[in-house]
Amino acid sequence: MEQKYPSALLQKAVDEFSKLPGVGKKTALRLVLFQLRRTEEEVLQFTSSINELKSNILYCRKCHNISDTEICPICSDLKRDSRTLCVVENVQDVMSIENTHQYSGLYHVLGGIISPMDGIGPNDLEIDSLVDRVAEGEVDEVIMALSSTMEGDTTIYYISKRLEQYGVKITAIARGISVGDELEYTDEVTLGRAILNRVEVKR
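Residue numbers (this note's numbering): 10 to 212.
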């Protein structure tokens, strides 16, 4: 039975909250009612932070990670190993790998993985810019840190073929991560070991 709300404004707010991933109608209602109990100043601070995020967030010109500046802090850090690139699906994966403290190179965020079923092809991802970075000749190793799924493996295969002509070493994180697992949900210890024990991609 469909939930009935005493206010059209309440229903509208619940509908918007329920569009968030993993948030159902009941959770959305709890979140909206929580916001109603807060002071007007607190609610304005909450909404302004979302507006500011949407309006002012940047994506790093080099790696496509979220940033406050044109070049993100990781890419601009001279202490990082600039000759190693870790290719990931999304921004969450960068954060997950950084939390392991086992990787000191740079990143390249694809913005997704190849998935014909979802209408996502190579041209929808940041693959050309990855090839351009490798083509500059300043990268020794490309680590493919993608999810252990069919789509992840397809993406690894496609990218390795695109990079083949440059003679760069291509590795993939070790399969300590279960097949079918999403990278962002993997615990930090397992993910850290997977980075350290990466294996060369067969082409």
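Don't be surprised by glycine CBs; every beta carbon is placed ideally from N, CA and C.
Just to confirm my understanding: we take residue i, look at its own chain, exclude 5 residues before and 5 after, and list those with CB closer than 8 Å. What are they?
i: Cys81; result: Cys69, Lys71, Cys72, Asn74, Ile75
i: Val177; result: Val143, Val148, Asp149, Glu150, Val151
i: Lys34; result: Gln12, Val23, Ser27
i: Ile129; result: Gly121, Ile122, Ile123
Quick check: what's the CA-CA separation for residue i versus residue j?
i: Arg207; j: Ile168; result: 17 Å
i: Lys13; j: Ser64; result: 34 Å
i: Ser124; j: Ser113; result: 29 Å
i: Asp90; j: Leu115; result: 7 Å
i: Tyr175; j: Ile59; result: 42 Å
i: Ala154; j: Glu160; result: 13 Å
i: Glu49; j: Leu38; result: 18 Å
i: Ser57; j: Ile136; result: 34 Å
i: Ala17; j: Val103; result: 40 Å
i: Glu173; j: Asp162; result: 16 Å
i: Asp86; j: Ile165; result: 27 Å
i: His117; j: Arg46; result: 42 Å
i: Ile32; j: Asn99; result: Correcting the residue identity first, residue 32 is Val in this sequence and not Ile. So the alpha carbons of these two residues sit roughly 21 Å apart.
i: Gly146; j: Met126; result: 34 Å
i: Glu61; j: Ala181; result: 37 Å
Per the DSSP calculation, residue i is bridged to which residue(s)?
i: Tyr68; result: Ile75
i: Glu50; result: Glu50 is not bridged to any residue.
i: Thr180; result: Ile152, Glu209
i: Thr93; result: Glu150
Which residues in the same chain have their Cβ closer than 6 Å to the Cβ of residue i, if we skip the five residues on either side of it in sequence?
i: Leu134; result: Leu119, Gly120, Gly121
i: Val140; result: Arg171
i: Pro30; result: none
i: Ile106; result: Tyr112
i: Glu79; result: Arg70
Spatial neighbours of residue i within its chain, please: CB distance less than 7 Å, with the 5 preceding and 5 following residues excluded, ordered by chain position.
i: Val6; result: The first residue shown for the chain is 10 and the last is 212, placing residue 6 beyond what the model contains.
i: Leu67; result: Ser76, Asp77, Thr78, Glu79
i: Pro131; result: Ile123, Tyr167
Kindly provide the ranges of any alpha helix (DSSP H) runs that are 4 or more residues long and lie completely inside the segment 107–155, ordered along the chain.
For the segment 107–155, the full-length alpha helix (DSSP H) segments reaching 4 residues or more read 136–144 along the chain.
Assess, as a yes-or-no matter, whether the segment 91–98 is touched by the segment 135–155 under the definition of 3 or more beta carbon pairs within less than 8 Å.
Cβ pair count under 8 Å is three or more, so yes.
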